[in-house]
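Student:
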Amino acid sequence: MSNKRDYYDMLGVERNADGEAIKKAYRKLAMQYHPDRNKGDAGAEAKFKEVGEAYAVLSDTDKRAKYDRFGHAATSPGAQQGPGYGGFEFDLSDALRQFMEGGFFSGSMFGGQTRGGPTRTRGTDLQISLKLTLEEIATGISKKIKVKRYRPCSECGGSGAKKGTSRSTCQTCKGQGQVRQVSRSMFGQFVNIQACPQCHGEGTTVGDPCARCSGDGRIREETVLSVDIPAGVANGNYLTLRGEGNCGPRGGPNGDLIVMIEEKTHEFFVRDGDNIFLSLFLTIPQIVLGDEVEIPTLTGRARLTIDPGTQPGKVLRMRGKGLKSLNGYKTGDQMVEIKLHVPGKLTTREKQLFEELKRSDNFKGIEGDKGFFDKMKEAFGS
Ligand SMILES: [Zn+2]
Ligand SMILES: [Zn+2]
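In our numbering, the protein residues as written are 10 to 391.
This is how it looks when you write it as structure tokens:
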């Protein structure tokens, strides 16, 4: 084995390089020589195996110490009696598995092709509804929300393995995360690849589960998040907070948190898009004589002039007193519909005054002296 190159030379690192530097050097070379990138290139494959072997030894404190003392003799098959270290055979499947398991692999690395291999289950999305008042929607607001969600277990760091132990390579799939089933039929050979049922595709299994999370690698906890709501949102709008949902089991990626907007019913206002409507009840003298009244708006109280002789049903428009549109380009109006308030009870004095008005010229009903039906008969001649 003396013809083997030095592991440090293979990775291009100094003899005193730390773990991080070794990992970095390995990753760079492994990506360069990965068989997926060098289809059919035997030289690249050999290099890939070589750097993989070098990394397997130098990334392991114990193996590295032995290698430093005994050189390649420490890892050669015939070395058992010497330094007490077992045989070392590093083949391509070992190299590939190491690359996958080391977290060096990312889905997009080779142009987004989906490759087999261990996978992590993504956490589920969470959905909460957030009730907002029209006033809050008008201005936009930063809200604190309480979320109960799964986060990595602090006891085991999310691995699911009991403190001090680590996960072991799945025996069923040998760490590949998937199993192949080959079946033969008269049409030929079929290969069916599916997620390993033993490890759920993770490639590793938990031997001794963490006591705190029972091997799940995560714990449900309550968190307070701050979420910024833009002005102009409406019922049914939602915000997606990426990565703020549940984390996946045993180190799986986070799901999202979806915040559904729910508009609270307002005491006075009814919303129609960016406009808001207000029914304003006025008394007979107010609409007959005109008045100046104070009315609510989304931003506080405002004065509104009622012209003398305003008819019930008339809608007064207050420009720009509505809601800002979600895209921020325009602002709606506040529409005020005039309604007539008719008192249910009258004092003797009030009754007298209305009796007097009733006989007065401008207060004779539209029917005048004749009844409604007499008038209709006249108009249609029947
Ligand atoms: Zn745990
Ligand atoms: Zn498995």
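We put the CB at the ideal spot given by N, CA and C, even for glycine.
1. Compute every distance between the C-beta of C208 and the non-hydrogen atoms of ligand 2, then say whether any falls below 7 Å.
2. With a threshold of 7 Å, establish whether the CB of T130 neighbours any heavy atom of ligand 2.
3. Below 6 Å CB to CB, which residues in the same chain sit around L325 once its five sequence neighbours on both sides are set aside?
4. In three-state terms, what does DSSP make of T292?
5. Closer than 7 Å: is that where the CB of R229 sits relative to any heavy atom of ligand 4?
6. Mapping DSSP to helix, strand and coil, what is A311?
7. Got a sec? Which residues, its chain only, sit under 6 Å from G116 by beta carbon, not counting five neighbours each side?
8. What does the Cβ neighbour count give for T292, buried or exposed, with the cut at 16 atoms within 10 Å?
9. Could you work out which residue in R14, R78, L143 is closest to E276 when comparing CA atoms only?
10. Under the rule that 16 or more other beta-carbon atoms within 10 Å means buried, what is E59, buried or exposed?
11. Run the proximity test for R328: is its beta-carbon closer than 7 Å to any non-hydrogen atom belonging to ligand 1?
12. From D134 to M269, what distance separates their C-alpha atoms?
13. Is the distance from the Cβ of C208 to the Cβ of G186 below 8 Å?
14. Please report the distance separating the alpha-carbon of G121 from that of D18.
15. Three or more C-beta pairs under 8 Å: does that hold for the segment 146–157 against the segment 223–238?
16. Three or more C-beta pairs under 8 Å: does that hold for the segment 307–324 against the segment 357–373?
17. In its own chain, which residues sit with a C-beta less than 8 Å from the C-beta of G167, not counting the 5 before and 5 after it?
Tutor: Once the coordinates are examined:
1. yes
2. no
3. V345
4. coil
5. For ligand 4, the structure offers nothing, since it holds only ligand 1 and ligand 2.
6. strand
7. Its pLDDT being 36, under 50, G116 is placed unreliably by the model, and nothing is read from it.
8. exposed
9. L143
10. buried
11. no
12. 13 Å
13. yes
14. Note that G121 scores a pLDDT of 32, beneath 50, so its modelled location is shaky; the value from the coordinates is reported in the next line. The alpha-carbon atoms of G121 and D18 are separated by roughly 32 Å.
15. yes
16. no
17. P161, G226, R227, C256, R259, G260
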